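**Student:** Residue numbers (my numbering): 2 to 122.
Supplied in structure tokens, the structure appears directly below.
Written as structure tokens, this is what we have:
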């Protein structure tokens, strides 16, 4: 991966527009997914399990969109055509964190469901 910071990049300091668009797609999709995940948790805590499941489906759709864009960028990187930027690192961090939160929230909702079914026993 070629590393460019600021004005060191070949185009005078800017990330290529199509790469910038891809990066922002990852960031916004991960953010939307995170919001849906916490909404799902809130719905589950309120006993609204069907609504919680819908929020989880929405989150999964957004994470798939972000992951697909990440895969596209990884492919570009393997071809040697992806400049490194702090914005890209931020996007990767947002996606990774949201994916971890998804796993934890799925487990938390499972616990809420189990407690509701078994009366906490």
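Backbone N, C-alpha and C fix where the C-beta goes; we use that ideal spot for every residue, glycine too.
Because the structure is a prediction, the values reported are computed rather than measured.
With 16 as the cutoff for other CB atoms within 10 Å, does residue 83 come out buried or exposed?
**Tutor:** Your numbering for residue 83 matches position 82 in the chain shown. Classification of residue 83: buried, given that the 10 Å Cβ count is 16 or more.
**Student:** As a quick exercise: from 26, 34, 77, pick the residue whose alpha carbon is nearest that of residue 100.
**Tutor:** Residue 100 sits at position 99 when you count from the first residue of the chain shown. The residue with the shortest Cα to Cα distance from residue 100 is 34.
**Student:** Quick one: any contact between the stretch 35-52 and the stretch 66-80, if contact means 3 or more CB pairs under 8 angstroms?
**Tutor:** Because the criterion of three Cβ pairs below 8 angstroms is not met, the stretch 35-52 and the stretch 66-80 do not touch.
**Student:** Does the structure place the stretch 72-83 close enough to the stretch 100-120 that three or more beta carbon pairs sit under 8 angstroms?
**Tutor:** Taking 8 angstroms as the limit for Cβ pairs, the verdict is that the stretch 72-83 does not touch the stretch 100-120.
**Student:** Which whole-angstrom value is the C-beta distance of residue 24 and residue 87, which I expect to be below 8 angstroms?
**Tutor:** By 1-based counting over the chain shown, the position of residue 24 is 23. By 1-based counting over the chain shown, the position of residue 87 is 86. The pair is not a contact, with the Cβ atoms about 10 angstroms apart (cut-off 8 angstroms).
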